[in-house]
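These notes concern the structure reproduced below.
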Amino acid sequence: MKKTGVLILGCFLVCSSLLGCSKTSESDVNTKEVKWYSSEEKAFNEAKKERSDIQDIIGESKYYENEKVVIYTINDKSNVGVGTATITQKNNKVSWEVNNNPAIIQQPKGNTDVSYEFKTTSGKKYELYAGTPTGSNMKIETKTDTEITPHIDKEHNIFYYLSPIPSD
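First residue of the sequence shown: 907, per my numbering; consecutive thereafter.
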């Protein structure tokens, strides 16, 4: 009986220490240093230095709880695409954090339309719809609406529509 109690206590201690170590190392891995800038322009310019394929900001949401989403274009060789980043405002400084990998929508083999969900830095969810426009009065269908008129960036020949996803 005494051996069983010691064995159970030993197993409990080993499991507790493994869970504690696991949790600590996981949070260490997920910790990312946020860089702060004096303006949105400086944040964008630094993002362009870090990732040379970033070209222009073509759209943005309004600030909501000190955060907004920007839609930017990329140009990599003969491919054109879009990506999103979150700009967070805090203490008169701003940060720029890419939300995901950009999506290629125009390439030599043909054009494609894309839609994908992403989370902002604070965890808000959005869906981006983007592609090559079929006309100036084109309509798209989203998960929640039909006959939506997207924004068209004529300079890059890209349409986009940013749709917030309600939280659960």
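Here a beta-carbon is modelled for each residue, glycine too, at the ideal position from N, C-alpha and C.
Bear in mind that the values here come from a model prediction, so they are computed numbers and not experimental data.
DSSP-derived helix/strand/coil call for residue i
i: histidine 1062; result: coil
i: lysine 1049; result: coil
i: serine 1021; result: strand
i: serine 1069; result: strand
i: glycine 1041; result: coil
i: glycine 1016; result: strand
i: lysine 1031; result: strand
i: lysine 929; result: With a pLDDT of only 38 at lysine 929, under 50, the local geometry of the prediction cannot be trusted, and the value read off the model is given with reservation. Three-state DSSP puts lysine 929 in a helix.
Buried or exposed by the 16-neighbour rule on C-beta atoms within 10 Å, applied to residue i
i: proline 972; result: Here the sequence assigns asparagine to residue 972, which means proline is not the residue at that position. So asparagine 972 counts as exposed.
i: lysine 929; result: Confidence at lysine 929 is low in this model, with a pLDDT of 38, below 50, so its placement is unreliable and the value that follows should be read with caution. Lysine 929 comes out exposed.
i: asparagine 936; result: Residue placement at asparagine 936 cannot be trusted, given a pLDDT of 41 that sits under 50; the coordinates are not used to answer.
i: asparagine 1007; result: exposed
i: lysine 1060; result: exposed
i: glycine 987; result: buried
i: asparagine 998; result: exposed
Reference residue i, options the options, closest by Cα
i: alanine 953; options: Gly989, Tyr969, Ser984 and Lys968; result: Gly989
i: glutamate 1003; options: Pro1070, Ser1073, Ser944 and Ala949; result: Ala949
i: serine 1001; options: Thr1048, Gly965 and Val975; result: Val975
i: serine 967; options: Pro1039, Thr1040, Lys999 and Lys1030; result: Lys1030
i: threonine 1040; options: Thr1018, Lys1025, Lys996 and Thr1048; result: Thr1018
i: asparagine 985; options: Ser1069, Ser1073 and His1062; result: His1062
Contact belief for residue i with residue j at Cβ below 8 Å, rounded distance in angstroms
i: isoleucine 960; j: isoleucine 980; result: 6 Å
i: tyrosine 1066; j: isoleucine 1054; result: Contact flag wrong, Cβ pair sits at about 11 Å.
i: tyrosine 1032; j: isoleucine 1064; result: Rounded, the Cβ-Cβ distance is 17 Å, inconsistent with contact.
i: threonine 1026; j: asparagine 1043; result: Rounded, the Cβ-Cβ distance is 31 Å, inconsistent with contact.
query = What are the complete beta strand (DSSP E) segments, minimum 3 residues, inside the segment 935-1002?
reply = 960-966, 973-982 and 985-996
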